[in-house]
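Going line by line, the protein sequences match chains A and B.
Everything in the first sequence is counted per the numbering used here, starting at 92 for the first residue and increasing by one.
Everything in the second sequence is counted per the numbering used here, starting at 92 for the first residue and increasing by one.
One structure below.
Protein chains: 2
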Amino acid sequence: EQVVVSGITYNRNEARITITNVPDVPGMAAKLFRPISDAKINVDLIVQGSGSIPGRADMSFTVPKPDYDKAIRMTERMAEELGAGKVHSNPNIAKISVIGLGMRSHSGVACKIFETLSNQNINIKMISTSEIKVSCVIDEKYTELAVRVLHDAFELEKSPPLGTVK
Amino acid sequence: EQVVVSGITYNRNEARITITNVPDVPGMAAKLFRPISDAKINVDLIVQGSGSIPGRADMSFTVPKPDYDKAIRMTERMAEELGAGKVHSNPNIAKISVIGLGMRSHSGVACKIFETLSNQNINIKMISTSEIKVSCVIDEKYTELAVRVLHDAFELEKSPPLGTVK
Ligand SMILES: C[C@@H](O)[C@H](N)C(=O)O
Ligand SMILES: C[C@@H](O)[C@H](N)C(=O)O
């Protein structure tokens, strides 16, 4: 299957917030995001997989850095209200995205991305995929390094990175 | 911000696999996906947020149902090799996606999706977002109900669901 990777983008304007041990029952995600939505806080990535504790789930999401403090306070208030666990966060992140067509099967492209970052000892803090892209959240300080080695790995033009596109 | 939701899609051809308590150090994601990629198993969603146990992360991903058994065996073997925790899975899932333009801010659309599903007592097992879509993995048995109530919530034409689009 022909996957054509067309570019690498990065975004350093976001911060990650994680709410752990959310009761895994209907309605929790709705209650958590209602105040965030009402406050018109933009949310970019929302990630929830299955957790390791039965009946609980961890949810991570990213918000613009300027909204970080407000969103943390809301999430902490909701964590109490929902009977969830700790809220932890990191404002110093970068989202690196590899954009491609025909990504129907991410495993090949994803594996190459993970190996490329791992060869530079860059730790992957969040992963999210869609048909056209694989996004990894890493420590902000590795942004340039990550973009450069991914450009090389996918043999993209040495053009300057596509810039801070979401 | 004008968000135009253009459709709802669903996919019941996938199964979810989760590997818990993966050591949160560089290289783990690369090692996990290498055998899956070598076996040419298509992976659709890959989701990793931050976990509740410091130094560990849970990773969830979806594979085509026919590859479920093979992928589980690989993941269990890798879990041992990487010193990760339990592998759990569910072959009876459906991925429901709400497609829209201008989703730059997911919080409004996401919140409405979560509330619509919660009103039907449908539990959300995975969440993944991209610029053009919000995807929720739910129990397969709620597919039709979820698609119908989301069509209503976003006032989409009563056309038949867009079909099993990834
Ligand atoms: C954890 C959270 O997503 C919950 N399962 C819900 O449906 O709201
Ligand atoms: C958990 C896993 O993603 C790890 N952080 C890695 O970089 O491979």
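For every residue, glycine included, the Cβ atom is placed at its ideal position computed from N, Cα and C.
Fair warning: this is a prediction, and the values are worked out from it, not measured in the lab.
Alpha carbon to alpha carbon, how far is B/P114 from B/L173? Give it in angstroms, no decimals.
Numbered from its first residue, the second sequence carries residue 173 of chain B at position 82. Numbered from its first residue, the second sequence carries residue 114 of chain B at position 23. In this structure, the CA atom of B/L173 is about 7 Å from the CA atom of B/P114.
Could you pull out every residue in the same chain whose Cβ sits closer than 8 Å to the Cβ of A/M150, ignoring the five residues on either side in sequence?
On the first sequence, position 59 is the one that residue 150 of chain A refers to. Once the five neighbours on either side are set aside, the close Cβ partners of A/M150 are T109, I110, V113, A120, L123, I137, V138, Q139.
Alpha carbon to alpha carbon, how far is A/T220 from B/E231? Give it in angstroms, no decimals.
Numbered from 1 along the second sequence, position 140 holds the residue referred to as residue 231 of chain B. Numbered from 1 along the first sequence, position 129 holds the residue referred to as residue 220 of chain A. Distance from the CA of B/E231 to the CA of A/T220, rounded to the nearest whole angstrom, comes to 21 Å.
Minimum Cβ-Cβ distance from B/D149 to chain D less than 9 Å:
In the displayed structure, chain D is absent; the protein chains listed are A and B.
Identify every residue that forms a DSSP beta bridge with A/G98.
Along the first sequence, read from residue 1 onward, the residue named residue 98 of chain A stands at position 7. The partner list for A/G98 (beta bridge, DSSP) reads A/I190.
Distance between A/A130 and B/E171 (C-alpha atoms, nearest Å):
Walking along the second sequence from the start, residue 171 of chain B turns up at place 80. Walking along the first sequence from the start, residue 130 of chain A turns up at place 39. About 44 Å.
Contact set between the region 199-218 of chain B and chain A, restricted to residues whose Cβ is under 9 Å from the partner
So the list reads G199, V200, A201, C202, K203, I204, F205, E206, T207, L208, S209, N210, Q211, N212, I213, N214, I215, K216, M217, I218, given in the order they occur along the chain.
Taking 8 Å as the line, does the beta carbon of A/I213 fall inside it for any heavy atom of ligand 3?
Of the ligands this structure carries, namely ligand 1 and ligand 2, none is ligand 3.
9 Å Cβ cut-off: residues of chain A touching B/D115:
Position 24 of the second sequence, counting from 1, holds the residue named residue 115 of chain B. Residues of chain A passing the Cβ test: N214, I215, K216.
Which value, in whole angstroms, describes the spacing of the CA atoms of A/S269 and A/I163?
Beyond the ends of chain A as shown, which are 92 and 257, falls residue 269 of chain A; an answer cannot be given.
Quick check: what's the CA-CA separation for B/A185 versus B/Y233?
For the purposes of this step, residue 185 of chain B is taken as residue 94 along the second sequence, with counting starting at 1. For the purposes of this step, residue 233 of chain B is taken as residue 142 along the second sequence, with counting starting at 1. Distance between B/A185 and B/Y233, taken at the CA atoms: about 8 Å.
Opposing strand residues paired with A/T153 [DSSP bridges]:
Translated into the one-based positions of the first sequence, residue 153 of chain A becomes position 62. A/T153 has A/R107 as its beta-bridge partners, per DSSP.
Mind checking B/P126: buried by the 16 CB within 10 Å criterion, or exposed?
Within the second sequence, the letter at position 35 stands for residue 126 of chain B. Under this definition B/P126 is a buried residue.
Residues in the region 125-136 of chain A with C-beta within 8 Å of chain B's C-beta atoms, listed in sequence order?
The region 125-136 of chain A vs chain B, Cβ under 8 Å: R125, I127, S128, K131, I132, N133, V134, D135, L136.
How long is the line joining the alpha carbons of B/R239 and B/S143, rounded to whole angstroms?
What you label residue 239 of chain B is simply residue 148 of the second sequence in a count that begins at 1. What you label residue 143 of chain B is simply residue 52 of the second sequence in a count that begins at 1. If you take the alpha carbons of B/R239 and B/S143, they lie about 35 Å apart.
In three-state DSSP terms, what is B/D230?
Your numbering for residue 230 of chain B matches position 139 in the second sequence. B/D230: strand per DSSP, three-state reduction.
Backbone CA spacing between A/P141 and A/A175 [nearest angstrom]
Looking up residue 141 of chain A in the first sequence gives position 50. Looking up residue 175 of chain A in the first sequence gives position 84. At residue 141 of chain A the sequence reads Ser, which differs from the Pro that was named. Approximately 15 Å, taken between the alpha carbons.
How about B/I187 and B/V228: are their beta carbons less than 9 Å apart?
Residue 187 of chain B sits at position 96 when you count from the first residue of the second sequence. Residue 228 of chain B sits at position 137 when you count from the first residue of the second sequence. A contact, by the Cβ cut-off of 9 Å.
Length of the line joining the Cα atoms of B/G98 and A/M194
As a first step, residue 98 of chain B is located in the second sequence; it is residue number 7 there, counting from the start. As a first step, residue 194 of chain A is located in the first sequence; it is residue number 103 there, counting from the start. Distance between the alpha carbons of B/G98 and A/M194 is about 21 Å.
Residue from A/R107, A/N210, A/E105, A/P117 whose Cα sits closest to the Cα of A/A237
The sequence position of residue 237 of chain A within the first sequence is 146, counting from 1. Out of A/R107, A/N210, A/E105, A/P117, A/N210 has the C-alpha closest to the C-alpha of A/A237.
Ordered along the chain, which non-local residues of its own chain (more than five positions away) have a Cβ less than 7 Å from that of A/E105?
Taking the first residue of the first sequence as 1, we reach residue 105 of chain A at position 14. If we look at A/E105 and ignore the five residues flanking it on each side, its Cβ neighbours are D135, T153, V154, P155, K156, I184, K186.
Can you say whether A/N212 is buried or exposed, counting buried as having 16 or more other CB atoms within 10 angstroms of its CB?
In the first sequence, residue 212 of chain A corresponds to position 121, counting from 1. In the assembly as shown, A/N212 is an exposed residue. Its beta-carbon has fewer than 16 other beta-carbons within 10 Å.
So that I know if they touch, is there some Cβ in chain A lying closer than 9 Å to that of B/S221?
Against the second sequence, residue 221 of chain B aligns to sequence position 130. Using a Cβ-Cβ cut-off of 9 Å, B/S221 counts as an interface residue toward chain A, since at least one Cβ of chain A sits closer than that to its own.
On the DSSP bridge list, what partners appear for B/S66?
Here chain B has residues from 92 to 257 only, and residue 66 of chain B is not among them.
7 Å Cβ shell around A/R103 - same chain, five flanking residues per side excluded:
Your numbering for residue 103 of chain A matches position 12 in the first sequence. Counting only Cβ-Cβ distances below 7 Å, and skipping sequence neighbours, we find A185, E231, T234, T255.
Specify, as a first and last residue, the run of the alpha helix (DSSP H) that A/I127 falls within.
If you number the first sequence from 1, residue 127 of chain A lands on position 36. Per DSSP, A/I127 is one residue of the alpha helix (DSSP H) stretching across 119-129.
Buried or exposed: where does A/S128 fall if 16 or more other Cβ atoms within 10 Å of its Cβ makes it buried?
Locating residue 128 of chain A in the first sequence gives position 37, where the first residue counts as 1. Buried.
A/G176 versus chain B: which residues are under 8 Å apart at the beta carbon?
Here the question's residue 176 of chain A lines up with position 85 in the first sequence. Neighbourhood of A/G176 in chain B, by CB distance below 8 Å: S143, in chain order.
Using a Cβ-based criterion (distance less than 8 Å to any ligand heavy atom), does B/K177 qualify as near ligand 2?
The residue you call residue 177 of chain B lines up with position 86 of the second sequence. B/K177 Cβ: outside cutoff for every heavy atom of ligand 2.
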